[in-house]
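J.: Those protein sequence lines, which keep their order, are chains A, B and C.
At position 191 of the first sequence the residue is numbered 191 (the working numbering), and the sequence of numbers has no breaks.
At position 292 of the second sequence the residue is numbered 292 (the working numbering), and the sequence of numbers has no breaks.
At position 211 of the third sequence the residue is numbered 211 (the working numbering), and the sequence of numbers has no breaks.
From the three backbone atoms N, C-alpha and C, an ideal C-beta is built for every residue, glycine too.
Take a look at this one; I'll ask things after.
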Amino acid sequence: MNISFRHLLSADQVTQEDIQAICKKASFFHHNTSSSIFDLARGKILASLFFEPSTRTRFAFEAAMQKLGGNIITLESGASSSTKKGETLSDTGRIMSGYCDIAVIRHPQKNSATEFAKHATIPVINAGDGSNQHPSQSLLDIYTINHFHHRLDELSIGIIGDLKFSRTVKSLVQLLAFYKRHTFYLISHPSLKMNTETVAWLKKCGHQVIETKSLQDTLPLLDIAYMTRVQEERFDTKESYDAVKNHYRLERAHLTHAKPTLTILHPLPRIAEIAEDVDTHTSAKYFDQAQFGLYIRMALISEMLGLEI
Amino acid sequence: MNISFRHLLSADQVTQEDIQAICKKASFFHHNTSSSIFDLARGKILASLFFEPSTRTRFAFEAAMQKLGGNIITLESGASSSTKKGETLSDTGRIMSGYCDIAVIRHPQKNSATEFAKHATIPVINAGDGSNQHPSQSLLDIYTINHFHHRLDELSIGIIGDLKFSRTVKSLVQLLAFYKRHTFYLISHPSLKMNTETVAWLKKCGHQVIETKSLQDTLPLLDIAYMTRVQEERFDTKESYDAVKNHYRLERAHLTHAKPTLTILHPLPRIAEIAEDVDTHTSAKYFDQAQFGLYIRMALISEMLGLEI
Amino acid sequence: MNISFRHLLSADQVTQEDIQAICKKASFFHHNTSSSIFDLARGKILASLFFEPSTRTRFAFEAAMQKLGGNIITLESGASSSTKKGETLSDTGRIMSGYCDIAVIRHPQKNSATEFAKHATIPVINAGDGSNQHPSQSLLDIYTINHFHHRLDELSIGIIGDLKFSRTVKSLVQLLAFYKRHTFYLISHPSLKMNTETVAWLKKCGHQVIETKSLQDTLPLLDIAYMTRVQEERFDTKESYDAVKNHYRLERAHLTHAKPTLTILHPLPRIAEIAEDVDTHTSAKYFDQAQFGLYIRMALISEMLGLEI
Numbered sequence: 001m002n003i004s005f006r007h008l009l010s011a012d013q014v015t016q017e018d019i020q021a022i023c024k025k026a027s028f029f030h031h032n033t034s035s036s037i038f039d040l041a042r043g044k045i046l047a048s049l050f051f052e053p054s055t056r057t058r059f060a061f062e063a064a065m066q067k068l069g070g071n072i073i074t075l076e077s078g079a080s081s082s083t084k085k086g087e088t089l090s091d092t093g094r095i096m097s098g099y100c101d102i103a104v105i106r107h108p109q110k111n112s113a114t115e116f117a118k119h120a121t122i123p124v125i126n127a128g129d130g131s132n133q134h135p136s137q138s139l140l141d142i143y144t145i146n147h148f149h150h151r152l153d154e155l156s157i158g159i160i161g162d163l164k165f166s167r168t169v170k171s172l173v174q175l176l177a178f179y180k181r182h183t184f185y186l187i188s189h190p191s192l193k194m195n196t197e198t199v200a201w202l203k204k205c206g207h208q209v210i211e212t213k214s215l216q217d218t219l220p221l222l223d224i225a226y227m228t229r230v231q232e233e234r235f236d237t238k239e240s241y242d243a244v245k246n247h248y249r250l251e252r253a254h255l256t257h258a259k260p261t262l263t264i265l266h267p268l269p270r271i272a273e274i275a276e277d278v279d280t281h282t283s284a285k286y287f288d289q290a291q292f293g294l295y296i297r298m299a300l301i302s303e304m305l306g307l308e309i
Numbered sequence: 001m002n003i004s005f006r007h008l009l010s011a012d013q014v015t016q017e018d019i020q021a022i023c024k025k026a027s028f029f030h031h032n033t034s035s036s037i038f039d040l041a042r043g044k045i046l047a048s049l050f051f052e053p054s055t056r057t058r059f060a061f062e063a064a065m066q067k068l069g070g071n072i073i074t075l076e077s078g079a080s081s082s083t084k085k086g087e088t089l090s091d092t093g094r095i096m097s098g099y100c101d102i103a104v105i106r107h108p109q110k111n112s113a114t115e116f117a118k119h120a121t122i123p124v125i126n127a128g129d130g131s132n133q134h135p136s137q138s139l140l141d142i143y144t145i146n147h148f149h150h151r152l153d154e155l156s157i158g159i160i161g162d163l164k165f166s167r168t169v170k171s172l173v174q175l176l177a178f179y180k181r182h183t184f185y186l187i188s189h190p191s192l193k194m195n196t197e198t199v200a201w202l203k204k205c206g207h208q209v210i211e212t213k214s215l216q217d218t219l220p221l222l223d224i225a226y227m228t229r230v231q232e233e234r235f236d237t238k239e240s241y242d243a244v245k246n247h248y249r250l251e252r253a254h255l256t257h258a259k260p261t262l263t264i265l266h267p268l269p270r271i272a273e274i275a276e277d278v279d280t281h282t283s284a285k286y287f288d289q290a291q292f293g294l295y296i297r298m299a300l301i302s303e304m305l306g307l308e309i
Numbered sequence: 001m002n003i004s005f006r007h008l009l010s011a012d013q014v015t016q017e018d019i020q021a022i023c024k025k026a027s028f029f030h031h032n033t034s035s036s037i038f039d040l041a042r043g044k045i046l047a048s049l050f051f052e053p054s055t056r057t058r059f060a061f062e063a064a065m066q067k068l069g070g071n072i073i074t075l076e077s078g079a080s081s082s083t084k085k086g087e088t089l090s091d092t093g094r095i096m097s098g099y100c101d102i103a104v105i106r107h108p109q110k111n112s113a114t115e116f117a118k119h120a121t122i123p124v125i126n127a128g129d130g131s132n133q134h135p136s137q138s139l140l141d142i143y144t145i146n147h148f149h150h151r152l153d154e155l156s157i158g159i160i161g162d163l164k165f166s167r168t169v170k171s172l173v174q175l176l177a178f179y180k181r182h183t184f185y186l187i188s189h190p191s192l193k194m195n196t197e198t199v200a201w202l203k204k205c206g207h208q209v210i211e212t213k214s215l216q217d218t219l220p221l222l223d224i225a226y227m228t229r230v231q232e233e234r235f236d237t238k239e240s241y242d243a244v245k246n247h248y249r250l251e252r253a254h255l256t257h258a259k260p261t262l263t264i265l266h267p268l269p270r271i272a273e274i275a276e277d278v279d280t281h282t283s284a285k286y287f288d289q290a291q292f293g294l295y296i297r298m299a300l301i302s303e304m305l306g307l308e309i
């Protein structure tokens, strides 16, 4: 095992060495199409526990396990769960340890994955606990950036949309902060700004942080435009959501003055944040990014199970 | 690959040569029980996406993929889908292409499978888009007819029940029309008659078409009695459904004057259309028909993935 | 095949010889971690049909099949089933026989599994039909008792909680009754007492039966304390449930005078019946019990499929 953690619950746990090890392994799966990898996880079972719906993340983990030759057991919808009968997540985690070899959990409650892992004797991956953490997403973001820019230092990174609730943004900046001399352009509606502690911490890490409201003025400066969806489920009222949901929308016309090496990323699903006419632009890399999620999950699973290639 | 289509979205796409190639491959899987077929689709993943419930069709596709040695990822219920977050089906199709090798989709909306396939880079099978198309069902119907009658020409085919909304009927007559000199007995309540364009087209193709209301008078003339379920979900009001739902019901006593070679088919599930006492009659072939669906799906998947036997 | 039944629908069918054969096979899977078992069920498919939610039981069966090298097809939630369209369970069972090699069914209705198996040509396992039967649970209970006590005779067995509705208790006492000279301590609220026929029958089988209300007084006498959850879904009103739900709660302090060889069992999920501070006590064996369920299901599936080790 080349990684420092047993469970992957938060981006906080991930070291720079972990990122290197996981991206190296992901790159191997990305470029190796020999059928020998189909036997790596033979006889192993992944419990894929989604107490909150997410087809994309669930499918990425389940495809990854199966591409490694392993099997999956799925909870598609929390509605049909023992926890509905009142079982604690910690009990569920312990019981799953008797049936499976590794577990992935998404749950609407903050720290749910940590609770699940409390007595688990198998590795646990947090695939989203409310607005808190979603560390495998950040690892695939990092992998994608490195793939297209061939470096993880000195980048001009625009983060656009929901910088307040988005767990994706939270985890991503934590990992990017390891590297040197970034310029972060934080582009959001005033009600969705990044919290001041994180901004201060990024500066303390030696990065430049520029907060702005204008996407179009900033776009020509960026190496990376990381778009996010404003998630209705994080708002208290429909009114407060409606007020900001379509505040930023990237259209092809905006890209006229962008750098030729700009990469546009998005954790997906996208709704109106990126117009469809952007999809065919050479800078549009969000579908590649989604696909790279498969290799990152293959890397994570094989590292956490201690599989030897 | 011996077939003319990349995606199977509609029976319109299927040529007579396609039918021949698929039925030949299905027959191979029907009669070959050697374990060597268990490795054909090794390392491949089928995305089984059911936005509308259907245990039978879903299980047939998932069993088929697994009998070929492949893996499956399942969306059992659209309720837990990214599309609930507002993602377009076209985006979903593109993202799934990054994780899986082939996709099957059922969705209540007309043309949903076509939309899903729009940017998909993997083969897509339409397993039912509302009342529109369900082409793999028709292929298994054709296979079943050929299996029991040893020909696909000059048959007396009764189609009974819902000739208006049933996608099964729509696709079936399209495929049967390729062959020669059939007599179609269209037996339905006036409110569920086949649309006049289809009737005219069948005649133009050289077939005889007889529209009638009486199942019992017609039964002795038939080689095939294709029963259909009147589907509540296709009606606007419960009243309009109740008025016709039990209009045709096949009972064992009706079969006294039937040809000994009659085959009774039904796409299933059946409710009251066929009495249980018919099940043990030698003409009852609807459970065989359901099972043959497994072989047709194995044939389709292996052809569309380009697997070599 | 070393077992007397084709379908496992009720603990009634299970003979003492069956128990011996299944426990022997389970013990083999418990202690054999060689990878050769991963090929036993190659190419076989288990239909896992849950018309009533149960993550734990479903996962145990699905993990068992996959640990044997077989595949699974899952119905996670009855909501998405053909039976919603009005299909009989008997039709569903017949159709599944065409796709799969073995089926597990949980359904809220009494005798649903029997109805499903009526025309099924594949082996069927009842994983719970309402408050009626859940025979694989009892087999794993027996296996657990034998594992920790090295005998199945002359045990002091406390059964605590819901002795009226619990299908687990019903099936367990049926199997324990085969053996000799047990003392059953039936500990329950008066409204949840075991029915008098069963009590009379246990006595007729040569066992001692003592009905009591006090858990604490009885605890020091027990070899086994079998705790059960009072299941809200079995009560007509919330009031009648609330009146008894927390009547028995085992805490660590209660265990001071218990035998050192006491084993505390629970079919899980537990809610408040066992305090968390009991979990680390050496007598707490309910998580082992859950894990042993995997081996029992592997044994059942391999016996019922006639797999040769």
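Check the Cβ of C100 of chain B against every Cβ in chain A and list those closer than 7 Å, keeping chain order.
T.: The contacting residues are A63.
J.: Please classify G93 of chain A: is it buried, with 16 or more other beta-carbons within 10 angstroms of its beta-carbon, or exposed?
T.: Burial call: buried.
J.: Using a Cβ-Cβ cut-off of less than 9 Å, give me the residues of the stretch 117-134 of chain C that come near chain B, in sequence order.
T.: Cβ contacts with chain B: H119.
J.: F50 of chain C by DSSP, collapsed to three states: which one?
T.: Here F50 of chain C sits in strand by DSSP.
J.: For the candidate residues C:G86, C:K67 and C:F61, whose alpha-carbon lies nearest to that of T74 of chain C?
T.: Answer by Cα proximity: C:F61.
J.: Answer yes if the stretch 173-187 of chain C comes into contact with the stretch 56-70 of chain C, meaning at least three C-beta pairs across the two stretches below 8 Å, and no otherwise.
T.: No, the stretch 56-70 of chain C is not in contact with the stretch 173-187 of chain C.
J.: With three or more C-beta pairs closer than 8 Å as the rule, is the stretch 117-124 of chain A touching the stretch 93-102 of chain A?
T.: The stretch 93-102 of chain A vs the stretch 117-124 of chain A: in contact.
J.: With 16 as the cutoff for other CB atoms within 10 Å, does H207 of chain B come out buried or exposed?
T.: When all chains shown are included, H207 of chain B counts as buried.
J.: List the whole-angstrom C-beta distance separating L140 of chain B from F292 of chain B, where the pair is believed to meet the contact cut-off of C-beta under 8 Å.
T.: That belief holds up - the Cβ atoms of L140 of chain B and F292 of chain B are roughly 5 Å apart, short of 8 Å.
J.: In terms of alpha-carbon separation, which member of C:D39, C:H257, C:S27 and C:A117 lies closest to L49 of chain C?
T.: Closest option to L49 of chain C, Cα to Cα, is C:A117.
J.: First and last residue of the beta strand (DSSP E) that includes T263 of chain B?
T.: Counting along the chain, the beta strand (DSSP E) containing T263 of chain B begins and ends at T263 to L265.
J.: Can you tell me the Cα-Cα spacing of E156 of chain B and Q66 of chain B, whole angstroms?
T.: Note that residue 156 of chain B is Ser in the sequence shown here, rather than Glu. Distance between the alpha carbons of S156 of chain B and Q66 of chain B: 37 Å.
J.: If we require 4 or more residues per run, which alpha helix (DSSP H) segments fall completely within the stretch 222-280 of chain C?
T.: Correct list: 238-242.
J.: Indicate the three-state DSSP secondary structure (helix, strand or coil) for T121 of chain B in the structure shown.
T.: DSSP places T121 of chain B in coil when its eight states are reduced to three.
J.: Using alpha carbons as the reference points, say which of C:I19, C:A258 and C:S136 lies closest to I3 of chain C.
T.: It is C:I19 whose Cα lies nearest to the Cα of I3 of chain C.
J.: If we cut at 7 Å on Cβ distances, does S35 of chain C have a partner in chain A?
T.: Judged by the 7 Å Cβ criterion, S35 of chain C is in contact with chain A.
J.: Closer than 7 Å, CB to CB, is N71 of chain A near chain C or not?
T.: By this cut-off, N71 of chain A is an interface position.
J.: May I have the straight-line CA-CA distance separating I45 of chain B from G70 of chain A, to the nearest angstrom?
T.: Rounded to whole angstroms, I45 of chain B to G70 of chain A spans 12 Å at the Cα level.
J.: Rounding to the nearest angstrom, what Cα-Cα distance links T198 of chain A and I159 of chain A in this structure?
T.: C-alpha separation (whole angstroms): 14 Å.
J.: Measuring only from the beta carbon, is E197 of chain C closer than 6 Å to any heavy atom that is part of the ligand ADP?
T.: Looking for the ligand ADP in the displayed structure turns up nothing, as the structure carries no ligands at all.
J.: I want to see whether chain C comes within less than 7 Å of E276 of chain A, judged by CB atoms only; does it?
T.: So, not an interface residue.
J.: Which residues bound the alpha helix (DSSP H) around V169 of chain A?
T.: R167 to L176 is the span of the alpha helix (DSSP H), which, as asked, contains V169 of chain A.
J.: According to the Cβ coordinates, are G86 of chain C and I271 of chain B closer than 7 Å?
T.: The answer is yes: Cβ separation under 7 Å.
J.: Would you please verify whether the beta carbon of E115 of chain B is less than 7 Å from any beta carbon of chain A?
T.: No, because no Cβ of chain A sits closer than 7 Å to the Cβ of E115 of chain B.
J.: What residues from the stretch 263-295 of chain A come within 9 Å of chain B, judged by C-beta to C-beta, listed N to C?
T.: Taking 9 Å as the Cβ-Cβ cut-off against chain B, the residues of the stretch 263-295 of chain A that qualify are L268, P269, R270, I271, A272, E276, D279, F287, D288, A290, Q291, F292, G293 and L294.
J.: Would you say R167 of chain C lies against chain B (beta-carbon separation less than 7 Å)?
T.: So, not an interface residue.
J.: Can you check which of these residues, A:D162, A:E308 and A:I102, is closest to K245 of chain A by C-alpha distance?
T.: Comparing Cα positions, the closest option is A:D162.
J.: Would you kindly report the start and end of the unbroken alpha helix (DSSP H) that includes S302 of chain A?
T.: S302 of chain A -> alpha helix (DSSP H) spans Y286 to M304.
J.: Report back the beta-carbon spacing between R229 of chain A and E273 of chain A to the nearest angstrom; my notes put them in contact at under 8 Å.
T.: The pair is a contact, with the Cβ atoms about 6 Å apart (cut-off 8 Å).
J.: With DSSP collapsed to three states, give me the class of G93 of chain B.
T.: Looking at G93 of chain B - three-state DSSP - the assignment turns out to be helix.
J.: By a C-beta neighbour count over all protein chains shown, 10 Å radius and 16 as the cutoff for buried, is D101 of chain A buried or exposed?
T.: Its Cβ being crowded by 16 or more others within 10 Å, D101 of chain A is buried.
J.: Got a sec: which bits of the stretch 20-49 of chain C sit with their beta carbon under 9 Å from any beta carbon on chain A, in order along the chain?
T.: Taking 9 Å as the Cβ-Cβ cut-off against chain A, the residues of the stretch 20-49 of chain C that qualify are S35, I37 and F38.
J.: Check whether chain B comes within 7 Å of R249 of chain A, counting only Cβ atoms and requiring the distance to be less than that.
T.: Taking Cβ atoms only, chain B never reaches closer than 7 Å to R249 of chain A, which makes this a no.
J.: Does any C-beta atom of chain C lie closer than 7 Å to the C-beta of G86 of chain A?
T.: Yes, G86 of chain A lies at the interface with chain C (some Cβ there is under 7 Å from its Cβ).
J.: Taking buried to mean at least 16 other C-beta atoms within 10 Å of its own C-beta, is D236 of chain B buried or exposed?
T.: Per the 10 Å Cβ criterion, exposed.
J.: So is T144 of chain C in contact with chain F if we call contact Cβ pairs under 7 Å?
T.: This model lacks chain F altogether, as its protein chains are A, B and C.
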